[in-house]
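Enquirer: Residue numbers (my numbering): 384 to 752.
1. Determine which residues share a DSSP beta bridge with residue 700 and list them.
2. Less than 8 Å between the CB atoms is what I'm expecting for residue 496 and residue 519, so what's the real figure, rounded?
3. Just to confirm, is the Cβ distance from residue 436 to residue 740 under 9 Å?
4. Which parts of the segment 395-478 are runs of the beta strand (DSSP E), unbroken and 3 residues or longer, counting only runs that do not cross its ends?
5. With a threshold of 16 other CB atoms inside 10 Å of the CB of residue 670, please say whether the residue is buried or exposed.
6. Among 622, 486, 540, 592, whose alpha-carbon lies nearest the alpha-carbon of residue 567?
7. Excluding the five sequence neighbours on either side, which residues of its own chain have a C-beta within less than 7 Å of the C-beta of residue 656, listed in chain order?
8. Mind pulling the alpha helix (DSSP H) runs of 4 or more residues that sit fully within the segment 555-631?
9. Nearest-angstrom Cα distance between residue 523 and residue 460?
10. State buried or exposed for residue 514, treating a residue as buried only when at least 16 other CB atoms are found within 10 Å of its CB.
11. Output the distance between the C-alpha atoms of residue 633 and residue 529, rounded to the nearest integer angstrom.
12. Out of 693, 692, 704, state which residue places its alpha-carbon closest to the alpha-carbon of residue 682.
13. Under three-state DSSP, which class holds residue 645?
14. Pick from 417, 455, 526: whose alpha carbon is nearest that of residue 423?
15. So, for residue 389: in the same chain, excluding its five sequence neighbours on each side, which residues have a beta-carbon less than 7 Å away from its beta-carbon?
16. Are the segment 709-723 and the segment 627-642 in contact at 8 Å, needing three or more beta carbon pairs?
17. Identify whether residue 544 lies in helix, strand or coil by the three-state DSSP scheme.
18. Is it right to say residue 387 is buried, meaning 16 or more other beta carbons lie within 10 angstroms of its own, or is it exposed?
19. For residue 708, list the residues DSSP reports as bridge partners.
20. Of all the options 610, 630, 628, 597, which has the alpha carbon lying nearest to the alpha carbon of residue 621?
21. By Cβ distance, which residues of its chain are closer than 8 Å to residue 465, with the 5 residues on each side in sequence left out?
22. Going by DSSP in three states, residue 691 sits in which element: helix, strand or coil?
23. Are the CB atoms of residue 510 and residue 679 nearer to each other than 9 Å?
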């Protein structure tokens, strides 16, 4: 892509968000009923390509089970309220009632309680007992500390998730996680992110990641762009990482690494565009935080909101639009793209003549702005 001149000393490449692009129909159409949106990573197959983001306003053990039964994958935050408190419900209720000027400080106080390994084990066993795939997320800084108790409890898939995760973190103060060695020695698949560039994604793929989370600073609860000045528009980021997947597939002799768009997808049309730009699946937060069963009670926040030193997020009001079932698989009573995400994706794919996700990654896309 041609760079543009920002000034005499700096040039930059244009980049596009999901709002900047649109999917183009083809000459062939298919019935939505003939479209499969099934997704498989490693040995785990799902009826939909939807991962629920590991955020306390979205995923509890109960909602993880519900999402799993509806064909998706709920990822529990293994450093969240459910592993810090035996019963976090009173705190979740309090968070939903806090005033805007008090919420950040109170979140910092609430999340200062230590993570309890026995609660990590208990939550994973609770989800596993329901018969759904168990996924949990840890930050890169605490993966070494807590992963073993999670795996011993029956974790199926580990997500290492941060604002940005690299395969080459350098620190003079602590021993960084050796990602390649860690993944090699672990017996379960690992999904790693955030990541937003071709080269960073290629390095994570070479480290052995089964999937790459694409994005940082683009979610509805994050203020990373305002606080740190860091952001990459998601359509470009997904496409760049998809290119790394293609090149790594050739380099490795056939090892396929999944690209998972993470953030900046508030409605079903954004999910369609993410798949069209090359994603295999999507990790969504705010669409599911709008569910009647969501722990956030109409509010949504992430780990960045309670960072002890540099908060990079906020609690945002998302409201309630329907049940988890209505949001994920319908039926929808709304025309704004917040419900029946599965049905909308199937219809978009059928309109463009595709019957499976990998084929839809080849659909024509235009720059709309």
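Beta carbons: idealized from backbone N, C-alpha and C, even for Gly.
Expert: If we stick to the structure as given:
1. What you label residue 700 is simply residue 317 of the chain shown in a count that begins at 1. According to DSSP, residue 700 bridges with 682.
2. Your numbering for residue 496 matches position 113 in the chain shown. Your numbering for residue 519 matches position 136 in the chain shown. Residue 496 to residue 519, Cβ: 18 Å. No contact.
3. Position 53 of the chain shown, counted from the start, is the residue given in the question as residue 436. Position 357 of the chain shown, counted from the start, is the residue given in the question as residue 740. Cβ distance not < 9 Å, so residue 436 and residue 740 don't count as in contact.
4. 404-406, 422-424, 427-429, 433-435, 456-460
5. Sequence index remark: in the chain shown, residue 670 carries index 287 (1-based). Buried is the call here.
6. Here residue 567 is taken as the residue at index 184 of the chain shown, counted from 1. The shortest Cα separation from residue 567 among 622, 486, 540, 592 belongs to 592.
7. Looking up residue 656 in the chain shown gives position 273. Excluding sequence neighbours, residue 656 sits near 401, 404, 406, 618.
8. 562-568, 581-589, 607-611
9. Here residue 523 is taken as the residue at index 140 of the chain shown, counted from 1. Here residue 460 is taken as the residue at index 77 of the chain shown, counted from 1. Each residue's alpha carbon lies about 13 Å from the other.
10. The sequence position of residue 514 within the chain shown is 131, counting from 1. Exposed, by the Cβ-count rule.
11. The residue labelled residue 633 in the question sits at position 250 within the chain shown. The residue labelled residue 529 in the question sits at position 146 within the chain shown. C-alpha separation (whole angstroms): 34 Å.
12. As a working mapping, residue 682 is identified with position 299 in the chain shown. Of the listed residues, the one whose Cα sits closest to residue 682 is 704.
13. Taking the first residue of the chain shown as 1, we reach residue 645 at position 262. Residue 645: strand per DSSP, three-state reduction.
14. What you label residue 423 is simply residue 40 of the chain shown in a count that begins at 1. Of 417, 455, 526, the residue nearest in Cα terms is 455.
15. For this step, residue 389 is matched to residue 6 along the chain shown. Once the five neighbours on either side are set aside, the close Cβ partners of residue 389 are 395.
16. no
17. Here residue 544 corresponds to residue number 161 of the chain shown, with the count starting at 1. Correct three-state label for residue 544: strand.
18. The count along the chain shown starts at 1 and reaches residue 387 at position 4. Classification of residue 387: exposed, given that the 10 Å Cβ count is below 16.
19. Here the question's residue 708 lines up with position 325 in the chain shown. Note: residue 708 sits in no beta bridge, so no partner.
20. As a working mapping, residue 621 is identified with position 238 in the chain shown. Answer by Cα proximity: 597.
21. As a first step, residue 465 is located in the chain shown; it is residue number 82 there, counting from the start. Around residue 465: 439, 443, 444, 459, 471, 502, 506.
22. To locate residue 691, count along the chain shown from 1; it is residue 308. Coil.
23. Within the chain shown, the letter at position 127 stands for residue 510. Within the chain shown, the letter at position 296 stands for residue 679. It is not a contact, given that the beta carbons lie outside the stated cut-off.
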